[in-house]
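Residue numbers for the sequence shown follow UniProt numbering, so the first one is 1 and each next one is one higher.
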Amino acid sequence: MDRRTQILHTAGRLFSQRGYHATSMRDIARALDLQGGSLYTHIESKEEVLWEIVNRAADRFLAHATSIDPDLPPRERLKALVRGHLTVIAQELEHATVFFHEWKFLSPELQERIKARRDAYEAHFREAIESGVQRGEFKVEDPKIAALFVLSALNWTYQWLRPEGPLDLEALTERYTALVLRALGGEA
């Protein structure tokens, strides 16, 4: 692992545990056993580190969503979206925590870039639900609200998910998918 990746990994852990504002560059350097000033040979600012963590998490979420065949039946597409979302959270829990909770500390310009990526990601869920409504698979009046409902439930997972917990990723995905499909008026 190169030094920049080590910095991002360590900062992600510290930001997820303490928060962005409660973590200093000195804390990150200390955790890496570096002198504070040497950190700046690899990065320019603390915000740059936050941006990279948040942006890479957005990349992971979007990569899962765009890899799903848009011609899949809506139920299967939604299941794949749920699985992908939970996979990113489970595999990169600390960075997902930073993505969901700390992005608001980015500059307004960077926040807008993340919001645009978030909206593009949300569109995958909305389109799957809209398609399911059109095909009679889902019974919802407002696919946008339904997509936000599903994402809200999924997003909160970072608060309680623990890798050593009683549910593995597959079992968690099955339970979430069943709940989501029932909530949308489809069969689980």
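For glycine and all other residues, C-beta sits at the position ideal for the given N, C-alpha and C.
Coarse secondary structure for residue i, derived from DSSP in three states
i, result
"I114", "helix"
"K46", "helix"
"G185", "coil"
"I129", "helix"
"H101", "helix"
"L154", "helix"
"V140", "coil"
"I68", "coil"
"L169", "helix"
"Q134", "helix"
"L179", "helix"
"E122", "helix"
"S38", "helix"
"H21", "coil"
"P163", "coil"
"R148", "With the sequence shown as reference, residue 148 is identified as Leu, and Arg is not the correct amino acid for it. DSSP places L148 in helix when its eight states are reduced to three."
Residue interval of the alpha helix (DSSP H) (run including residue i)
i, result
"Q17", "R3 to R18"
"Q159", "T157 to W160"
"L81", "P74 to Q91"
"D27", "M25 to A31"
Cβ-based burial, residue i [other Cβ within 10 Å; buried from 16]
i, result
"K79", "buried"
"G132", "buried"
"P74", "buried"
"E94", "buried"
"R60", "buried"
"P143", "buried"
"E170", "exposed"
"S16", "buried"
"Y176", "buried"
Discussion item. With a threshold of 8 Å, are at least 3 pairs of Cβ atoms found where one atom belongs to the region 46-55 and the other to the region 132-139?
Written reply: no
Discussion item. Whether or not the region 76-93 and the region 32-44 are in contact is what I'm after, with contact meaning three or more pairs of Cβ atoms, one per stretch, closer than 8 Å; do they touch?
Written reply: no
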